[in-house]
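Trainee: Take a look at the following structure, please.
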Amino acid sequence: MEVVITDHPEQVMADIITGAVRGGATTLGLATGSSPLPTYRELIRRHREEGLSFAGVDAVLLDEYVGLPPTHPESYARFIRDNFTDHIDIGEVYSPDGMAPDSRIAADAYDALIGEVGPVDVQILGIGSNGHIGFNEPSSSLTSRTRIKTLTEKTRRDNARFFDDDLDQVPFHVITQGLGTICDARHLALVATGEGKAAAIAATVEGPLSASCPASILQWHPRATIVVDEAAASKLRDADYYRYVYTNKPENQAGH
Ligand code: F6R
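Remember, the working numbering sits 307 above the position in the sequence shown when you count from 1.
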């Protein structure tokens, strides 16, 4: 794992995506939620002002709420269009079908589709305050595939801010890529900012590999980058070591 502590997480994340796209990446994995928004804004700026092109690149989303149509303002299919993909020249953008009559069939179909359009070159990730990635809540199988999950009460409360602070509007169920599906990506790039993520980041980087903190699966992946601001890094025991490693990073280092 590489841990990058920076005042500008969006620049480091945008550099990772820019490098991948300019290097021939054909599939990006996109997260929704607030954490990657500054990264998406920076990539849109680079597209408009610096000629960064996503032509020939397709994208897959991590997850979708069950019961929200892709036109719903808080569906992740709509969120990613409004905040990122409608503003760049990317190709197809795939997401799980939250309206499918049978979510199990839809989840299996989405996992198979990722296998066809993938492997994902770079998977962008956020992290929940309870350590979830995608919507793999604590106790998720570390080798899980795309499936329906029930959100914890904490995640529903965390996400109520997107639903007019009305908990009753937040769906209970989601279709999410599993931890095994996510780990099929060649490079995992997780971004977290703010004090509220500090405990989850410490558990991810320095805790045991455990289903209690699903993001700790990044310890198992051959190429994982964790990009955090000072607040999100504030509970990391070995923060100085991560700074030292990043400052002295060899030019040709890929895996970590
Ligand atoms: C969303 C997703 C979630 C979020 C996480 C953090 O596609 O996969 O894991 O990344 O809930 O959400 P924010 O960034 O809003 O704090």
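Glycine included, every Cβ here is placed at the ideal spot set by N, Cα and C.
Excluding the 5 residues flanking G405 on each side, which residues of the same chain have their C-beta closer than 7 Å to its C-beta?
Mentor: Answer for G405: E371, Y372, V373, G374, L375, S382 and I482, listed in chain order.
Trainee: Roughly how many angstroms separate the alpha carbons of H528 and M308, rounded to a whole number?
Mentor: If I take the Cα positions, the gap works out to 8 Å.
Trainee: If you measure from the CB of S410, is any heavy atom of the ligand F6R nearer than 7 Å?
Mentor: Result no, Cβ not under 7 Å from the ligand F6R.
Trainee: From what residue to what residue does the beta strand (DSSP E) around R454 run?
Mentor: First-last of the beta strand (DSSP E) with R454: R454 to T457.
Trainee: Which one or two residues does DSSP pair with E371 in a beta bridge?
Mentor: Per DSSP, I482.
Trainee: Please indicate yes or no: does the CB of F442 lie closer than 7 Å to some heavy atom of the ligand F6R?
Mentor: Checking the Cβ of F442 against the ligand F6R gives yes.
Trainee: Check for me: the beta strand (DSSP E) holding I533 runs from which residue to which?
Mentor: First-last of the beta strand (DSSP E) with I533: A531 to V535.
Trainee: At what residues does the beta strand (DSSP E) containing E349 begin and finish?
Mentor: E349 -> not in any beta strand (DSSP E); alpha helix (DSSP H) instead, spanning L344 to E357.
Trainee: Fully enclosed by the segment 405–476, which beta strand (DSSP E) runs are 3 residues long or longer?
Mentor: List check, beta strand (DSSP E) in window: 429–432 and 454–457.
Trainee: To the nearest angstrom, how far is the alpha carbon of P403 from that of Y417?
Mentor: P403 and Y417: Cα-Cα distance of roughly 6 Å.
Trainee: For my contact list, V574 and V319 are in at a C-beta cut-off of 8 Å; report their separation, rounded to the angstrom.
Mentor: Missing from the structure shown is residue 574; the chain here goes from 308 to 563 and no further.
Trainee: Taking the continuous alpha helix (DSSP H) assigned at V328, which residues delimit it?
Mentor: Per DSSP, V328 belongs to the alpha helix (DSSP H) from P316 to R329.
Trainee: Report the rounded CA-to-CA distance for R530 versus P557, giving the unit in angstroms.
Mentor: Answer to the nearest angstrom: the Cα atoms are 15 Å apart.
Trainee: Does the Cβ of R452 have 16 or more other Cβ atoms within 10 Å, making it buried, or fewer, making it exposed?
Mentor: It counts as buried.
Trainee: Using a Cβ-Cβ cutoff of less than 8 Å, which residues in the same chain neighbour V553 once the five nearest sequence positions on both sides are dropped?
Mentor: Reading off the sequence shown, one finds Tyr at residue 553, where the question assumed Val. Closer than 8 Å at the Cβ level, and outside the excluded window around Y553, lie E309, V310, V311 and I312.
Trainee: Report the rounded CA-to-CA distance for A499 versus A538, giving the unit in angstroms.
Mentor: For A499 and A538, the distance between alpha carbons rounds to 9 Å.
Trainee: Which same chain residues, not among the five before or five after D396, have their C-beta less than 8 Å away from its C-beta?
Mentor: Around D396: H354, S360, F361 and A362.
Trainee: Over what stretch of residues does the beta strand (DSSP E) that includes V309 continue unbroken?
Mentor: Inspection of the sequence shows that residue 309 is occupied by Glu rather than by Val. Note, E309: beta strand (DSSP E), E309 to I312.
Trainee: Would you check if the distance between the CB atom of E502 and the CB atom of S541 is smaller than 8 Å?
Mentor: Closer than 8 Å, so yes.
Trainee: Taking DSSP as the reference, what is the three-state secondary structure of V364?
Mentor: Coil, per DSSP.
Trainee: Do I387 and T346 come within 8 Å of each other at the CB atom, strictly closer than that value?
Mentor: No, they are not a contact pair.
Trainee: Where I533 and T511 are concerned, what is the direct C-alpha to C-alpha distance, given to the nearest angstrom?
Mentor: Distance between the alpha carbons of I533 and T511: 9 Å.
Trainee: Would you mind reading off the limits of the beta strand (DSSP E) that contains T334?
Mentor: Where T334 is concerned, the enclosing beta strand (DSSP E) stretches over T334 to L337.
Trainee: When the Cβ atoms of the segment 467–477 are set against those of the segment 436–455, are three or more pairs found closer than 8 Å?
Mentor: Judged by Cβ distances under 8 Å, the segment 467–477 makes no contact with the segment 436–455, as fewer than three pairs qualify.
Trainee: According to DSSP, simplified to helix, strand and coil, what is H494?
Mentor: Reduced to three states, the DSSP call for H494 is strand.
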